[in-house]
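Read through the structure below, which is laid out as structure tokens, and then see the notes.
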Amino acid sequence: MTTIPVVYVKGQYNHLIARRLQELGVDSHLMPPSTPLEKFEAMKADALVMGGGPQSVRSLDALSDELRDASNLMTKIKLPMLCICVTHQLMATTFGGTTNLARKPEFGPVEVSVSDEDTILAGLKPSFTAWESHNDEIVAAPPRFKVLASSDNCTVQVMRHEKMNLFGVQFHPEVYHTLKGADVFKNFLKVVDDYKRS
Amino acid sequence: MTLEGFRPSSYVTSETVKILETVGNGKAIAAVSGGVDSTVAALVAKRALGDRLFPVFIDTGFLRVGEPENVKARLGEPSLGLKIKLVKAGGRFLEATRGETSAEEKRKKFRETFYQILGEEARKDGCDFIVQGTIAPDWIETQGGIKTQHNILEQVGIDALSTYGFRVIEPISDLYKDQVRILGRHLDVPRDLSERQPFPGPGLLVRCIGPVSKKKLDLLKSSTKIIEEKLGPFNYDQYFGGVIENKFLKDSIYESVEKTTAGALGLPPSETRVDVFEDRVTGVKGDTRSYGRLVGVKIQDESRETYGWLPEKLRLAQSGIVEKFADVTRVAVLVKEKRRGPPLSVIVRAISTRDFMTAAVAQVPWKILKDIAESILKTGDSSRVYYDITPKPPATIEFE
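Here the protein sequences come in this chain order: A and B.
Residues 1 to 198 (the numbering used here) make up the first sequence, in order.
Residues 1001 to 1400 (the numbering used here) make up the second sequence, in order.
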């Protein structure tokens, strides 16, 4: 069985992520971002998913405790990782990109245009409707990350690291109204399976 | 719909064991409302405790017409066997919430009164435990500071034992509504109950926007009856009404709301009118509580006749307004108004949702909305009827 803990950073939909993964046959529960690395090793975690949250990540110096822990965890853990909404932004800030107040925030349904069907977006061209809820956005993706999808209001909807299995999505694949959200998780599980085999 | 990973029979078994371990030889009260969550929680506890479970129904005064009697009769039927004690406390709840304008204060006063009464009942029956139907969205929204759900204590650091004199048992707190319904069917709950339309714990209190008054409550009760009758056959996941006073902001920044609206609708500004209500409504923007304004949009009858319902354009107007004005959480479109009449508005809301975490606006046929509006205005207790066109997010499902 595949084990994927969900890092709980106080977002509304974090618990739903675990539910979605359970529905796909994954062993998944919420874990705090302060969880030590050894604990993830002991539970034989195959990957991590990090959820959204109400915090702002515009500056690494002014992070909430959870997000500081989550940022540290991102740099230390060597597992495939999918980061959603605020932790997508946190991944950008942590790896040298920039997050700022969105020119136009997005709430509710948003059309996401796929420019690159790479891995987690396989089969999702040309576009799909996703649900979002964010006041901030990534204005510059970090070095060695490529942007895979955008929307009218937000350039970096989806990004991934060129070499490593690090993925970020601004939208919420875990909510019911993102009808193609399950595809994103299934694609991520394929990445995890490949990683387990290698 | 696949629901792998959730097995009702093993869920019931493990929760029954947990309840027995917790309660031992003691007794427990089950707080029931007639809704699917509390009914299922009570039935799970009854499997564990049998006659040592005492179901209590509190009539808060914020219930729908005939509700207390109906629920008592229904849950008492042999197939369910929950013998309900009915506690009438409408006066206490009204007294506790009177004069409060803020939605959160209203909710907290409600919670306080609710648990005081349950504590009194527990002492009368010699119970050390309260079983309640808290589900995942309840603690998620309360912990996340979106809104205070009335049935959350321990998750926000309130120690029930020292504060109210009992311990709380929540057998379904990890589940979402759709999973609770599956559990209900597994426990042989009749379909009309397992699929029953959700109704919030604080009831009409949180649909009475701003300060509560008898006038608003009476209008809300009669309108709720009309809305439920007319929308019932459509099987929307949730549908209800709210009442708000016709007090509007005069702030000049809202003149540009009118421009944004007309622009998005592709209509000349003379064919739209925008009102920004003074009383605030609850929303959620960027995972944060947003207690903001409700914008009422009026489109001239002639343009509506020409353009029809305008669902896509109205959606663009709604998202345009809410994105541009940080203080606005909801947009409603005027269905019908009456020149003379009491300064109160009824807002109709209908949504589609699976788990109540996100919600899309239901496309109720305009003819039906008009029909509802006419019936509501005919009672003479209000002057406007609106339809809420805001998804969740940025609105929440309930108004407060």
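Each residue gets a CB set at the ideal place from its N, CA and C atoms; glycine is no exception.
**OP:** Could you name the residues of the same chain whose beta carbon sits closer than 7 Å to that of Glu-1374(B), not counting the 5 residues immediately before and after it, in chain order?
**Re:** Here the question's residue 1374(B) lines up with position 374 in the second sequence. Within its own chain, the residues whose Cβ lies closer than 7 Å to the Cβ of Glu-1374(B), once the five positions on either side in sequence are excluded, are Lys-1336, listed in chain order.
Original post:
Grouping DSSP H, G and I as helix and E and B as strand, with all else coil, what is Gln-1238(B)?
Top reply: Along the second sequence, one-based indexing puts residue 1238(B) at 238. In the three-state reduction of the DSSP assignment, Gln-1238(B) falls in the strand class.
Original post:
Tell me, which residues are paired with Glu-1345(B) by DSSP?
Top reply: Taking the second sequence and counting its residues from 1, the one referred to as residue 1345(B) is at position 345. The question names Glu, yet the displayed sequence has Ser at residue 1345(B). Ser-1345(B) is bridged by DSSP to Ile-1244(B), Arg-1384(B).
Original post:
Thr-1282(B) to Gly-51(A), Cα distance in whole Å?
Top reply: Reading the second sequence from its first residue, position 282 is the one you call residue 1282(B). Reading the first sequence from its first residue, position 51 is the one you call residue 51(A). Taking the straight line joining both Cα atoms gives about 23 Å.
**OP:** From the DSSP output, read off the bridge partner residues of Met-159(A).
**Re:** Position 159 of the first sequence, counted from the first residue, corresponds to residue 159(A). Residue pairing by DSSP puts Met-159(A) in a beta bridge opposite Val-147(A), Gly-168(A).
**OP:** Return yes when the Cβ of Val-1087(B) is within less than 9 Å of the Cβ of Pro-1055(B), no when it is not.
**Re:** Working through the second sequence from its first residue, we reach residue 1055(B) at position 55. Working through the second sequence from its first residue, we reach residue 1087(B) at position 87. Not a contact, by the Cβ cut-off of 9 Å.
Original post:
Going along the chain, which residues of its own chain have a beta-carbon closer than 6 Å to the beta-carbon of Val-156(A), five neighbours each way excluded?
Top reply: For the purposes of this step, residue 156(A) is identified with residue 156 of the first sequence, where counting begins at 1. Result list for Val-156(A): Ile-138, Ala-141, Val-147, in chain order.
**OP:** Measure the alpha-carbon distance for Ser-133(A) versus Arg-1339(B) and round it to whole angstroms.
**Re:** Within the first sequence, the letter at position 133 stands for residue 133(A). Within the second sequence, the letter at position 339 stands for residue 1339(B). Taking the straight line from one Cα to the other gives about 38 Å.
**OP:** Determine the burial state of Ile-1397(B): buried for a count of at least 16 other Cβ atoms within 10 Å of its Cβ, exposed for fewer.
**Re:** The residue given as residue 1397(B) occupies position 397 in the second sequence. Counting Cβ neighbours within 10 Å, Ile-1397(B) comes out buried, since at least 16 surround it.
Original post:
Which one of Leu-1161(B), Ala-1160(B), Gln-1238(B), Arg-1280(B) has the shortest CA to CA distance from Pro-1211(B)?
Top reply: To locate residue 1211(B), count along the second sequence from 1; it is residue 211. It is Arg-1280(B) whose Cα lies nearest to the Cα of Pro-1211(B).
Subject >> Three-pair Cβ contact test at 8 Å for the stretch 1377-1391 of chain B versus the stretch 1341-1359 of chain B >> reply: Touching, per the Cβ criterion.
Subject >> Uninterrupted beta strand (DSSP E) stretches inside the stretch 72-111 of chain A (no shorter than 3 residues) >> reply: Runs found: 81-84.
Original post:
Closest by CA to Gly-11(A), which one among Ile-1172(B), Ser-1162(B), Thr-1060(B), Pro-1137(B)?
Top reply: Position 11 of the first sequence, counting from 1, holds the residue named residue 11(A). Nearest of Ile-1172(B), Ser-1162(B), Thr-1060(B), Pro-1137(B) to Gly-11(A), Cα basis: Pro-1137(B).
Subject >> Length at least 4, wholly inside the stretch 1245-1312 of chain B: the alpha helix (DSSP H) runs in chain order >> reply: Correct list: 1255-1265, 1301-1307.
Subject >> Ile-1351(B) burial status per 10 Å Cβ neighbour count (16 or more: buried) >> reply: One-based indexing of the second sequence puts residue 1351(B) at position 351. A residue is called buried when at least 16 other Cβ atoms come within 10 angstroms of its Cβ; Ile-1351(B) meets this threshold and is buried.
Subject >> Burial state of Asp-1355(B) (16 or more Cβ within 10 Å) >> reply: For the purposes of this step, residue 1355(B) is taken as the residue at position 355 of the second sequence. For Asp-1355(B), the number of other beta carbons within 10 angstroms of its own is at least 16, and it is reported as buried.
Subject >> Residue span of the beta strand (DSSP E) that contains His-134(A), given as start and end >> reply: For the purposes of this step, residue 134(A) is identified with residue 134 of the first sequence, where counting begins at 1. 127-140 is the span of the beta strand (DSSP E), which, as asked, contains His-134(A).
Original post:
What residues from chain A crowd round Pro-1200(B), counting only those whose CB sits closer than 7 Å?
Top reply: Taking the second sequence and counting its residues from 1, one reaches residue 1200(B) at position 200. The contacting residues do not exist; Pro-1200(B) stays about 17 Å from chain A at best.
Original post:
Of all the CB atoms in chain A, is at least one closer than 9 Å to the CB of Glu-1323(B)?
Top reply: Here residue 1323(B) corresponds to residue number 323 of the second sequence, with the count starting at 1. With its beta carbon less than 9 Å from one in chain A, Glu-1323(B) belongs to the interface.
Subject >> Assigned secondary structure, Ile-1140(B) (DSSP; H/G/I helix, E/B strand, else coil) >> reply: On the second sequence, position 140 is the one that residue 1140(B) refers to. Look at Ile-1140(B) here: in three-state DSSP terms it is helix.
Original post:
What runs of the alpha helix (DSSP H), each 4 residues or longer, lie entirely inside the stretch 1157-1183 of chain B?
Top reply: For the stretch 1157-1183 of chain B, whole alpha helix (DSSP H) runs of length 4 or above, ordered along the chain, are 1160-1164.
Original post:
DSSP on Glu-1323(B), reduced to helix/strand/coil?
Top reply: For the purposes of this step, residue 1323(B) is taken as the residue at position 323 of the second sequence. Looking at Glu-1323(B) - three-state DSSP - the assignment turns out to be helix.
Original post:
Taking Cβ-Cβ distances shorter than 7 Å, what residues in chain B pair up with Asn-135(A)?
Top reply: Numbered from its first residue, the first sequence carries residue 135(A) at position 135. Neighbours of Asn-135(A) on chain B, chain order: Lys-1285, Gly-1286.
Original post:
Would Lys-163(A) pass as a contact of Thr-119(A) if the rule is Cβ separation under 9 Å?
Top reply: The residue labelled residue 163(A) in the question sits at position 163 within the first sequence. The residue labelled residue 119(A) in the question sits at position 119 within the first sequence. Cβ distance not < 9 Å, so Lys-163(A) and Thr-119(A) don't count as in contact.
Original post:
How would you label Thr-1002(B), buried or exposed, when you count the other beta carbons within 10 angstroms and need 16 or more for buried?
Top reply: The residue you call residue 1002(B) lines up with position 2 of the second sequence. With a pLDDT of only 41 at Thr-1002(B), under 50, the local geometry of the prediction cannot be trusted, and the value read off the model is given with reservation. Under this definition Thr-1002(B) is an exposed residue.
Original post:
Are Val-1364(B) and Phe-1234(B) close, meaning C-beta to C-beta below 9 Å?
Top reply: The residue you call residue 1364(B) lines up with position 364 of the second sequence. The residue you call residue 1234(B) lines up with position 234 of the second sequence. Cβ atoms of Val-1364(B) and Phe-1234(B): closer than 9 Å.
Original post:
Along the chain, where does the alpha helix (DSSP H) that runs through Glu-1337(B) open and close?
Top reply: Looking up residue 1337(B) in the second sequence gives position 337. That residue, Glu-1337(B), is in no alpha helix (DSSP H); its beta strand (DSSP E) goes 1328-1337.
Subject >> Cross-strand partners of Val-49(A) (DSSP beta bridge) >> reply: Here residue 49(A) corresponds to residue number 49 of the first sequence, with the count starting at 1. Bridge partners of Val-49(A) according to DSSP: Val-6(A), Leu-82(A).
**OP:** For Asn-1070(B), count neighbouring C-beta atoms within 10 Å of its own C-beta (all shown protein chains included) and say buried if the count is 16 or more, exposed if not.
**Re:** Numbered from 1 along the second sequence, position 70 holds the residue referred to as residue 1070(B). Under this definition Asn-1070(B) is an exposed residue.
Subject >> alpha helix (DSSP H) segment containing Phe-188(A), residue limits >> reply: By 1-based counting over the first sequence, the position of residue 188(A) is 188. Where Phe-188(A) is concerned, the enclosing alpha helix (DSSP H) stretches over 181-197.
**OP:** Run down chain A in chain order and give the residues with a C-beta less than 9 Å from the C-beta of Pro-1393(B).
**Re:** Looking up residue 1393(B) in the second sequence gives position 393. By Cβ distance, chain A contributes Gln-12, Phe-107, Gly-108, Trp-131, Glu-132, Ser-133.
Original post:
Would the beta-carbon of Val-1322(B) fall within 9 Å of that of Thr-1390(B)?
Top reply: Taking the first residue of the second sequence as position 1, residue 1322(B) is located at position 322. Taking the first residue of the second sequence as position 1, residue 1390(B) is located at position 390. Yes, these two residues count as a Cβ contact at 9 Å.
Subject >> Below-9 Å beta-carbon distance, Tyr-1387(B) vs any chain A residue >> reply: The residue given as residue 1387(B) occupies position 387 in the second sequence. Chain A, which has no Cβ nearer than 9 Å to the Cβ of Tyr-1387(B), makes this no.
Subject >> 9 Å Cβ cutoff, Glu-1170(B) in contact with chain A >> reply: Taking the second sequence and counting its residues from 1, the one referred to as residue 1170(B) is at position 170. Glu-1170(B) has a beta carbon lying at 9 Å or more from every beta carbon in chain A.
Original post:
Using the rule of at least 16 other Cβ atoms within 10 Å of the residue's Cβ for burial, across every protein chain shown, is Ser-1290(B) buried or exposed?
Top reply: Within the second sequence, residue 1290(B) is the residue found at index 290, counting from 1. So Ser-1290(B) counts as buried.
Original post:
Exposed or buried, what is Val-1156(B) when buried is set at 16 or more other beta-carbons lying within 10 Å of its beta-carbon?
Top reply: By 1-based counting over the second sequence, the position of residue 1156(B) is 156. Val-1156(B) comes out exposed.
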